[in-house]
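Remarks on the structure that follows.
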Amino acid sequence: MALNRLKIALLTAALSNGVIGSPALESSAEGSSNPDGYYVPQYYPAPFGGWVEDWQDSYRKSRDFVASMTLAEKTNITAGSGIFMGKLVSVKVARCNGNSGSAPRLGFPELCLNDGHNGVRQTDNVTVFPDGITAGATFDKKLLYQRGVAIGEEARGKGVHVWLGPTVGPIGRKPKGGRNWEGFGADPSLQAIGARETIKGVQEQGVIATIKHFIGNEQEMYRMYNPVQSAYSANIDDRVLHEVYMWPFAEGIHAGVGSVMIAYNAVNGTACSHHPYLMNGLLKDELGFQGFIQSDWLAHMSGVASAIAGLDMDMPGDTQIPLLGNSYWMYELSRSVLNGSVPMDRLNDMATRVVAAWYKMGQDKGFPETNFDTNTKSPEGFRYPAAWPDTPTVVVNQFVPVQADHDIIARQVAQDAITLLKNDGNLLPLNPTQSLKVFGTGAQTNPDGPNACSDRNCNIGTLGQGWGSGTVDYMYLDDPISGIKSKAKDVKFYNTDSFPLIIDEPKDTDVAIVFITSDAGENTYTVEGNHGDRDSSGLYAWHHGDKLIQDAASKYKNVVVVAQTVGPMILEKWIDKPAVKSVLVAHLPGQEAGRSLAEVLFGDVSPNGHLPYSITKREEDLPKSVTSLINEEFLNQAQDTYTEGLYIDYRWLNKNGVLPRYAFGHGLSYTNFTFSNATITKVGQMSKTPPGRSPKTGILDYNQAIPDASEAVAPDGFHKHWRYIYSWLTASDAKAAAEDVSNKYPYPDGYTTTQRPGPRAGGGEGGNPALWDVAYKLSVTIKNAGSKYSGKASAQAYIQFPKDIEYETPVIQLRDFEKTKTLAPGESTTVELHLTRKDLSVWDVVLQDWVIPNVDGAYHVYVGSASDDLSVSCQLNRLTCGPAAANEAIKAGKDGT
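Numbering (mature numbering (1 follows the signal peptide of the UniProt record, and there is no 0)) for the sequence shown: -21 to -1, 1 to 876.
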C-alpha cells in the first residue's frame, strides 16, 4: 500500500523577487528537479497566535506592548543586529551567538540567543553536560528533565534569554549524519520524550527553549544555500512527515516550547525559511505553535516571501554573505511595510509572538543582564565588535560562575548512559588489583588542553563532545585515565592509537583497555577529511582504532573496548575475537568522562545505558537512501528523497528480517532483571478519530493602518556604526516607500489575508489536545534477580498494530519507557507505562487527521529491556498480559505483514 496519497510541498511562489529590497540580494538559485508528486497547496495567511489558553495572558500583555511601539521598533525586535555584531540601538552590550534588536525607549531588551544544546556556548564558568545522544542513552525521563533544569539555570545565570536547544532534527535517519549526536536517538518517541523533558526543565527556569531544526536537516553537507548553489531538498511524504519527523516537534510544542528554529535545507523543493506550508500550515495552524519561529543562522533568503510564509525572527539578521551589514529584513522590512507589501497585521503578529514568549517566561521581571561575550575571553572587549575601529573598549565579561553543583547531574547522565554491549565471562567489573594496560589517545585529555580546537573541531584526546555550534567550553575535563588511575593500583598507559612496538610481556591475567573514537559535527569545519558528516571515516573508528583493537587482541587474552562516539559504528573487524570480552559505549560524556566511566569499570555502579540507535553488521544492512550522503553537487539542487518511508533504524531491520549486531535499546548490566506481573488497564474509551477541535477563541486584533513614514525614520543625531543592521530608514527612503504602494510584492496564487479557522487535526499546542489522552496504562514488576550487584533497569514499551488494518505499519514502534530506581539484589519495583490516543493512531493522508485504525482492536504492547529483548506481551483487546517468547514481537509482526 502506498504510504502517501497526498504529498507535501513544492510551493510555486518565487523565493522572493521582492519589490522592496535589493533584487540582487533577493534572488535565488532554487531548482525544480524534485521527484514528481511532492507538492501541496500553498498556505496563507500566517495564523495569529494567542488562542491557546495557557498563552493568552502573555499575549494580552504583549499586544498592548507592541501597540505602543513605532514601526521601526517592531521591525527591530524581529531580527538580529548581525553576526559578530553585538549591540544595536541600546545602551547595553549584547554579545551572544545572536542578538535581537531592542526597543530601549520602552524597556524591551536585546534578546540574547545562544547555543549550544549541551550547555551555554563560548563562555566561562559553565558545565559541559553530556550531549543529547548521551542523555538519550540513559532512557531516563528524570535525568533528561534534571539535565534540562541545570542547563536552564546556567543559561539564566549568564543572561541568555533564548537557549538554542534541544535538537530533534536531525532525528538520526542517516547514521553518518554530522549532528545526530545533538539529538536523543534514532526514534521519534525517544526524541520526543527527550525534547519534552528538556524543554520543561529549561523553561521552568524562565529561559525560552528552541526546538530545532524544522525539518529534514538529516545531513550536513549541502544543507545550506549560497548565491550559486541550492541546498538539498528533503523530499518527504505526508504520512512519514507526521509519524516520524514531526512527532518530536509536536511533543515539544505540546510542552509549550517558546521558539522553533527553521532548518537550512529545502523540503520538497522549497527552502524551509520561506515555506508557508511548513510554517503557516503545520507549525502554527496544525500544531498550534504559540511562540516565534526563527531562522537558523544565515538561512534567511527572502524578504516579503519569508514574512508572509510565517517567519517571525531573522537570525542573526544578515544576508547569506554577512559582510556589509545588509539584511532582507530590518531596513527592508520597514520599507516593505510602508509600501504595503507586508501587512501590518503580519508585522504586529510577528512582534507580538516574540514579546509574548518573553512575557511567558517571566523575563520582564528580574531577568539577569547578559554578562559574557562570545567574541573574547578577556574582561574587556569592543562594544561594537564588527565596527572596529569605530568602537570603544568596555567591560564585556563578568565571569559569573553558574555551575553550582551541576557536575553531579552531568556525571550521573554520563554514567547512566554508558552502554555495555558485551561482557563475556563477566570480565567486568574489574578488580582494582588487576594489572591494566590502557591504549588509545581517547583515554586522556588533548595535551594542548580540552579547548585547544575552536568549537572542538579536532579529534585529539578524550572525545567528550562533537564539533561545531553545539559545543561548550570546558572549565575542566575529568578524563578516563585519571578515573582509572584513581581506582586501580597497577596501570600502564600507552598514549597512542598505534599499538606500541615495545610493551611489557603480556600476562594471562592482564587486562587491556582500548579506547576508540568516532567524531562528527557541523560542516562549518572539516576534520580529518570529514565535512561535518562522517563522509571520510564512515562508521569505522578514527585513527585506525579498529586495528588497535585487533593488535591488542592478538597480544592480550582479556580486552575491554571503550568507544567514545557520536553514533553507531561498524564493529565487525574485531567484535568476535575471543580476547575482546567486554565492550562499552561511553557516547559523548562531556566534562565528567573519567569518574563516570571508572565507577562502571570497577563495579561501583552497574552499567544501565541502552543504545539510542541500532548497530548493524554492515552499512548495507540499511537502505541506500539513509547510508548514502550527498557529497557532490554542482549548481543543481540535490534531491534527498525519503524512499525508506517510515522505516528508519530498527524499523527497517525488523521489516526486512535483518539481524543487527546490537539492536536499538540494547544494554547489558552486571546483574539480571525479570519482568513479571504485568497488567494493562483501559483508562479512556477511544474513538476512531479525535473529537472535533475547539474553535480558536480570544484572538486579539492585529489590524492597523500603515503608520506615518516618520515612524521608520531614525531620530536626529542617531549614529550608525559600520556593518551593523538597522531598522531605521532615511527620511527620503521612508517617504519613497510610503508613496510606492502601487509597486507591491507580487503575491503568489492563493495568497489571502483572511484568517483560517484551522485544520481539523489542530486545536491545541502540538495538535488536537485529545491526542494526549491516556488510552491504556500498563504496570509491570521489575526484579533484580541477581545475587551480587545492584542496578537499574529500563522498561521499554513497543506497540504492534493489528494485522488486519488497511495501513502499513512498522513491526514494532517505541512508545514509552521508564527507568527504575537502583534495585538491590532481590529487590523489586513496579513501573507504569502509558499509551495515548496518538500512540495508537496513524496519520491518514486523505482525512488529514490522526486515526485509530481498529478501536479496541488486537494491538499488542511488548515490554522489555531492548527492542529485541521483550519479555512481556499485553493484548489491548483482551486486557491481558503474559510472558513473551524470545523475539515474539518481531516474529509476530513479520507474520502479519
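For every residue, glycine included, the Cβ atom is placed at its ideal position computed from N, Cα and C. Computed from a prediction, not measured in an experiment: that's the story for all the values here.
- In the three-state scheme derived from DSSP, where H, G and I count as helix and E and B as strand, Met292 is classed as strand.
- Shown here for Pro88: same chain residues with a beta carbon closer than 6 Å to its own, the five before and five after excluded, namely Ser81 in chain order.
- Between Gly29 and the set Glu359, Lys153, Lys339, Ala531, the nearest pair of CA atoms involves Lys339.
- Taking Asp823 as the centre and dropping the five residues before and after it, the same chain places the C-beta of Val830 closer than 6 Å to its C-beta, in chain order.
- Here Pro322 is buried, its C-beta having at least 16 other C-beta atoms within 10 Å.
- If you check the CB distance, Lys179 and Leu143 do not come in under 9 Å.
- Ranking Val451, Pro862, Gln775, Pro804 by CA distance to the CA of Ser852 puts Pro862 first.
- If you draw a 10 Å sphere on the C-beta of Ser666, you find fewer than 16 other C-beta atoms in it, and that means exposed.
- Partner residues in the beta bridge of Asn763, as assigned by DSSP, are Phe652.
- For Ala871, the closest of Ile678, Tyr703, Gly636 by C-alpha to C-alpha distance is Gly636.
- When DSSP states are grouped into helix, strand and coil, Ile187 belongs to the strand group.
- Within the segment 573 to 632, the runs of beta strand (DSSP E) at least 3 residues long that lie entirely inside it are, in chain order, 618 to 620.
- In the pairwise beta carbon analysis, the segment 611 to 618 is classified as not touching the segment 359 to 372: fewer than three pairs are separated by under 8 Å.
- Assigned with DSSP and collapsed to three states, Phe418 falls in strand.
- A contact between stretches requires three or more CB pairs, one per stretch, nearer than 8 Å, and the segment 653 to 669 fails this requirement with the segment 248 to 258.
- When beta bridges are read from the DSSP output, Gly447 appears opposite no residue.
- Taking every protein chain shown into account, the CB of Val141 has 16 or more other CB atoms within 10 angstroms, so this residue is buried.
- If only uninterrupted beta strand (DSSP E) runs of at least 3 residues are considered, those enclosed by the segment 719 to 806 are 753 to 763, 773 to 779, 792 to 798.
- Residue Ser773 holds the alpha-carbon nearest to the alpha-carbon of Thr808 among Lys782, Asp835, Arg135, Ser773.
- DSSP places Thr709 outside both helix and strand once states are collapsed to three, so it counts as coil.
- Looking at the DSSP output, Leu480 shares a beta bridge with no other residue.
- Note: Thr808 is bridge-paired with Ile761 in the DSSP secondary-structure output.
- Fewer than three beta-carbon pairs drawn from the segment 354 to 362 and the segment 519 to 538 are found closer than 8 Å, and the two stretches are therefore not classed as touching.
- Using a Cβ distance threshold of 9 Å, Ala213 and Ala245 count as a contacting pair.
- Inter-segment contact for the segment 429 to 438 and the segment 671 to 687 is absent: fewer than three beta-carbon pairs are separated by less than 8 Å.
- Taking C-alpha positions only, Lys560 is separated from Val539 by approximately 6 Å.
- Between Gly445 and Trp160 the beta-carbon gap is near 5 Å, inside 8 Å, which marks them as a contact.
- Each residue's CA atom was taken as its position, placing Ser209 and Tyr243 some 10 Å apart.
- By the CB criterion at 9 Å, Ala229 and Leu169 fall outside the cutoff.
- Listed as beta-bridge partners of Cys437 by DSSP are no residues whatsoever.
- Secondary-structure assignment with DSSP links Val830 through a beta bridge to Val821.
- Annotated three-state conformation of Pro862 is strand, per DSSP.
- Looking at Thr544, Pro586, Ser320, the one whose alpha-carbon comes closest to that of Leu407 is Pro586.
- In summary, Val207 is exposed, with fewer than 16 beta-carbon neighbours lying within 10 Å of its beta-carbon over all protein chains present.
- Residue environment for Asn405: exposed (fewer than 16 other C-beta atoms within 10 angstroms of its C-beta).
- Counting every other CB atom within 10 Å of its CB across the protein chains shown gives Gly729 a total below 16, marking it as exposed.
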